[in-house]
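Asker: My structure is below; once you've seen it, I'll send some questions.
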Amino acid sequence: MNYKRYFASLAHATVTRASVTSASLALALLAAPGFAQQQSDRFTQLDTGCSGGDMESCFKLGHMYYEGDTVSPDNAKALALYTQACDAGYQRSCADAGYMFARAEGTDLNYIQGVAYLTVGCDENVGWACNELGNILRYGRENTQSDGTKLPQKNFAADAPRAAEVFGKACSTGHLFGCNSFAEMLQDGHGIAKDDTRAAPHFETACTGRIASACSNLAYMLASGRGVEKDQPRAALLHAYACDRQQWRSCRSLGNMYEYGYGTLMDKQLGLAKYRTACEGGYGYDATGCTYAGIFYENGDVVARDASLAMEYYQRGCDGGHGHGCSQLGASYAKGDITEIDYEKALHYSKLGCDMGEDAACYNLGLQYEHANGVEHDAVTAAAYYQQACDMNHTFACTNLGNARQHGRGIAQDLKLALALYSQSCEAGDGLACNSLAWLHREGNGTPRDRSAAVRYFEKSCELNHASGCNAMGFHLRDGDGVAKDKDQAIAYFERGCEMGSAQSCEELKDSGLGLKLRKRR
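What follows is the structure in structure tokens.
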């Protein structure tokens, strides 16, 4: 087997002390005159054998040209020897030829040729060839030459069912990366029936063989009990192992476990350290970890508040494709809490986040258009963004959409829909929604007039720390409107409303005998 090519095909392969020692030993042997002579003799024998029609010799000679063993490295010559041996019936050589066509080594990129040769190699039970073939088939490949020229006629379309089949075959030959990929497809139901229970033992096999990505995948299953018995302590251990081997998402998940004490001791500072490790990794860093680190630095409850670092981490999170990172940037530029207000940037980053499916970003866009922050007032666009965020179950967006429906602002008026939206948000814990719902019941808008129901929702609004709800409860109790009159309770609600900023409650407390009329919130 060509071990250089084998390891080149492995994602995130780690260098161990043993491999460094082996490499050092190999270099020492190459420097020894006797060994060099043996290699020279071997090259001569293989060259003679290949010229005489022995295709195994051609195959092995190809390895020597590929590795630069005794001769200068020559990928084109290696490929010619591999294809010669394969075309003459030495099928193990087909795998190496396919690899070179698919990786543009010694030739132009050619996935069609690559797949054809890799298929023959896989049929010969060359495990790494099956895995390489599966990687191409899983998502397909776009043919782009080294000079940037795109050749769509040479693209290779995805074939997920076949990818699952060849990954399974790779695994059956003992190729552990094939086991991991096969398990991933089982877990996702990609090209094969979804089956977490079948996926778990394949992840276990690959993880036992020290495939870090498989350990990471298995850790996620153990943490949630997906397809296996839930075991958070073991999940934490596996995430730690994978994190040490540059599986950045495992670093982030380990940080989450430390932050909340899932399966391990709670240590928020250690959690932040793991988020930073996840974010500051090299290629393939975990963008979610960046955003989480940014939140720590913005909140300042575990480490000293650092607005600059928070913005840096949010930016890296957003740049890495984490929608919440973009949303945090947009909100920061809109509020001006940790950076100067810049509505143009707020709009830009909120739009990025919304396009990535981040509900809070869509909600923030709705606020900008409703309140004309950096853009012209546009009730229609605001309602559309509230609708988009509400569809993703953003509670405040549903409340604002309910308000738009109630008053027909930017969207058709529909009191029944407004009632439903307020009810949904009130149940989710938004005091403003409960207060608005109470007014609909009090006035009989979209529902029969019901003062008792209004009182219930005003009370819930107050419990959720919404000042207007407390203020309204005070008046209802003072006047016995929908509830038994109770002056002492009324004063208690006015006090609470005043403490939360209700000027009307404060006014009533100054002289509760004035008999102020309940004024509807505008």
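Just so we're aligned: the sequence shown equals residues -36 to -1, 1 to 486 in mature numbering (1 follows the signal peptide of the UniProt record, and there is no 0). Note that the Cβ used here is the ideal one computed from N, Cα and C, for glycine as well.
#1: Counting only the same chain and skipping the five closest in sequence on each side, list residues whose C-beta sits under 7 Å from that of ALA61.
#2: CB-CB under 8 Å to TYR29, same chain, minus the five flanking residues each way: which ones, in chain order?
#3: With three or more beta-carbon pairs closer than 8 Å as the criterion, would you say the segment 84 to 92 touches the segment 110 to 127?
#4: Quick one: is ASP452 buried, meaning 16 or more other Cβ sit within 10 Å of its Cβ, or exposed?
#5: Between the beta-carbon of GLY294 and the beta-carbon of ALA325, is there less than 8 Å?
#6: Any idea what DSSP makes of ARG413, helix, strand or coil?
#7: Take the Cβ of SER188 as the centre, count every other Cβ of all protein chains shown within 10 Å, and call the residue buried at 16 or more, exposed below.
#8: Cutting at 6 Å between CB atoms, please list the residues of its own chain near GLY13, excluding the five before and the five after it.
#9: Do you know how far the Cα of ASP319 is from the Cα of THR363?
#10: Would you call GLY408 buried or exposed, if buried means 16 or more other Cβ atoms sit within 10 Å of its Cβ?
#11: Which value, in whole angstroms, describes the spacing of the CA atoms of GLU308 and ALA274?
#12: If the criterion is Cβ atoms closer than 8 Å, does the pair HIS358 and TYR327 meet it?
#13: Given that a residue counts as buried once 16 or more other Cβ atoms are within 10 Å of its Cβ, and exposed if not, what is GLN228?
#14: Could you work out which residue in ASP33, ALA52, THR8 is closest to GLY17 when comparing CA atoms only?
#15: For LYS380, which residues from the same chain have a beta carbon less than 7 Å from its beta carbon, with the 5 sequence-adjacent residues on both sides left out?
#16: Do ALA368 and TYR350 have their C-beta atoms within less than 8 Å of each other?
#17: On a CA-only basis, which of TYR247, ASP33, ALA448, THR161 is nearest GLN2? Give me that one, please.
#18: Report buried or exposed for THR(-21), applying the criterion of at least 16 other Cβ atoms within 10 angstroms of its Cβ.
#19: For ARG162, does the three-state DSSP call read helix, strand or coil?
#20: Any idea if GLN233 is buried or exposed, counting beta-carbon neighbours within 10 angstroms, 16 or more meaning buried?
#21: Under three-state DSSP, which class holds ARG420?
#22: Give the secondary structure of THR113 by DSSP, where H, G and I count as helix, E and B as strand, and everything else as coil.
#23: Starting from the C-beta of THR252, find all residues in its chain whose C-beta is less than 6 Å away, skip the five residues before and the five after it, and write them out in chain order.
#24: Once DSSP output is grouped into helix, strand and coil, what is the label at ARG105?
#25: In this structure, what does DSSP give as the bridge partners for PHE120?
#26: DSSP state of MET(-36), grouped into three classes?
#27: Are ILE76 and LYS118 touching if we call contact CB-CB under 8 Å?
#28: Three or more C-beta pairs closer than 8 Å, one from the segment 438 to 456 and one from the segment 416 to 426: is that the case here?
#29: Between the alpha carbons of GLY461 and VAL266, how many angstroms are there, rounded?
#30: Quick one: grab the DSSP three-state call for PRO197.
#31: Who are the near neighbours of ARG415 in its chain, counting only those whose CB is closer than 7 Å to its CB and skipping five residues on each side?
#32: Could you spell out where the alpha helix (DSSP H) holding LEU140 opens and where it closes?
#33: Among ASP72, ASN74, THR71, GLU96, whose alpha-carbon lies nearest the alpha-carbon of THR83?
#34: Helix, strand or coil: which one does DSSP assign to CYS470?
#35: So for HIS335, helix, strand or coil by DSSP?
#36: Please classify ARG105 as buried or exposed, where buried requires at least 16 other C-beta atoms within 10 Å of its C-beta.
Answerer: Straight from the coordinates:
#1: LEU43, TYR46, THR47, CYS50, TYR81
#2: VAL35, PRO37, ASP38, ASN39, LYS41, ALA42, LEU45
#3: Too few Cβ pairs lie closer than 8 Å, so no.
#4: Looking at its Cβ environment, which holds fewer than 16 other Cβ atoms inside 10 Å, ASP452 is exposed.
#5: yes
#6: coil
#7: exposed
#8: SER21
#9: 21 Å
#10: exposed
#11: 20 Å
#12: yes
#13: The residue asked about is misnamed: residue 228 is Thr in this sequence, not Gln. THR228 is buried by the Cβ-count criterion.
#14: ALA52
#15: GLY410
#16: yes
#17: ASP33
#18: Confidence is the limiting factor: at THR(-21) the pLDDT is only 30, short of 50, which leaves the residue's position unreliable and the question unanswerable from this model.
#19: helix
#20: exposed
#21: helix
#22: Judged by DSSP in its simplified three-state form, THR113 adopts coil rather than helix or strand.
#23: The beta carbon of THR252 is closer than 6 Å to those of ARG216, HIS286 in its chain, skipping five residues each way along the sequence.
#24: strand
#25: ARG105
#26: A caution first: MET(-36) carries a pLDDT of 39, below 50, which makes its placement in the model unreliable, though a value can still be read off. Note: MET(-36) maps to coil in three-state DSSP.
#27: yes
#28: yes
#29: In a straight line, the C-alpha of GLY461 is about 32 Å away from that of VAL266.
#30: helix
#31: Answer for ARG415: ARG406, ASP445, GLY446, listed in chain order.
#32: That run of the alpha helix (DSSP H) goes 140 to 152.
#33: The residue with the shortest Cα to Cα distance from THR83 is GLU96.
#34: helix
#35: Secondary structure of HIS335 (DSSP, three-state): helix.
#36: Burial call: buried.
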